[in-house]
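Residue numbers (mature numbering (1 follows the signal peptide of the UniProt record, and there is no 0)): -18 to -1, 1 to 252.
Note that beta-carbon positions come from the ideal geometry of N, C-alpha and C, so glycine has one too.
Contents: one structure, followed by commentary.
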């Protein structure tokens, strides 16, 4: 309970207008008098919630999660955002078992590149580090809001209520589209010091978490889009595929034109 109260206080003074759009901020056209989100709207333990589904088995995309070695955690600053269709975004992400100064430095660098690219959430594979680590700050401004670090996160429950939200992604620059996700989730994770905790999230924090959690499962946000929504961004995805070929001299590792609609792994399937 103490952990939940601590996390709830993180967002008590945040403005809704600072939250939109998700994961990659654009100019906001709403009035400066935008209504502030009360604490009860952000954290699900403060309000009666729709029925939740207990997750009997964590996402099965990768049946076994390996432990990250020292070499897996190596990186060079400044970090750079990995863009679709780089295969790093589909690779297995290993569990973090070492909580040291190197991890703290990696987290600092992830926040740094997130802010510089106008993001509000970022997963380690998006900067080329295939480990179970994510960071986010719903305000998206350095020195404002609260910086959240989740290591080895797991989902224990998710809401039956599904909501649609217009999402963006730093790995898909300039692309925004509607994605359906559960309205709230309960998660278990470790903090940057390796301490275990549980927290229930709803509304925007839940949305940010689920988007980044998908990255840790090798799932990209267009995997959860309906066929009609996907069709609206198909030319943009193809442009990124061509950009990858031009930049690397390699054939694109995946093609949106070859995509077949299928159920994606994990909780809250679309």
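For a cut-off of 8 Å, the C-beta gap from residue 65 to residue 155 is around 7 Å, short enough to register as a contact.
Residue 159 is a Cβ neighbour of residue 149, given a cutoff of 9 Å.
Per the C-alpha coordinates, the member of 233, 220, 48 positioned closest to residue 241 is 220. Residue 147 has its alpha-carbon roughly 33 Å from the corresponding atom of residue 57.
With fewer than 16 other beta carbons inside 10 angstroms of its own, residue 231 counts as exposed. Non-local C-beta neighbours of residue 70 in its own chain, meaning closer than 8 Å and more than five positions away in sequence, comprise 64, 107, 110, 112, ordered along the chain. Each residue's CA atom was taken as its position, placing residue 97 and residue 213 some 30 Å apart. A distance below 8 Å between beta-carbons, with the five flanking residues on each side excluded, links residue 178 to the following residues of its chain, in chain order: 170, 171, 172. Residue 146 has 162 as its beta-bridge partners, per DSSP.
Between residue 95 and residue 61, the CB-CB gap stays under 9 Å.
For the 9 Å CB-CB criterion, residue 137 and residue 195 form a contact. When DSSP states are grouped into helix, strand and coil, residue 51 belongs to the coil group.
Counting C-beta atoms within 10 angstroms of its own C-beta, residue 51 has fewer than 16 neighbours from the protein chains shown and is therefore classed as exposed. Residue 216 sits exposed, since fewer than 16 C-beta atoms from the chains shown fall within 10 Å of its C-beta. For residue 226, no beta strand (DSSP E) segment is defined; the enclosing uninterrupted segment is the alpha helix (DSSP H) at 209 to 230. Listed in chain order, the non-local C-beta contacts of residue 211 below 7 Å within the same chain comprise 159, 160, local neighbours out to five positions each way being set aside.
Bounds of the beta strand (DSSP E) holding residue 135 are 130 to 141. Ranked by Cα distance from residue 139, the first of 192, 118, 222 is 192.
Exclusion of the five residues before and after residue 190 leaves 103, 118 as the residues of its chain whose Cβ lies within less than 6 Å of its Cβ. DSSP lists 113 as the bridge partner or partners of residue 76. Here the C-alpha atom of residue 89 lies approximately 29 Å from the C-alpha atom of residue 162. Here residue 200 is buried: its Cβ has 16 or more other Cβ atoms, across all protein chains shown, within 10 Å.
Bounds of the beta strand (DSSP E) holding residue 179 are 178 to 184. One Cα belongs to residue 124, the other to residue 59, and the distance between them is close to 18 Å. Beta-bridge analysis with DSSP links residue 198 to no other residue. For residue 87, the three-state secondary structure derived from DSSP is helix.
Taking 9 Å as the cut-off, the beta carbon of residue 223 is found closer than this to the beta carbon of residue 234.
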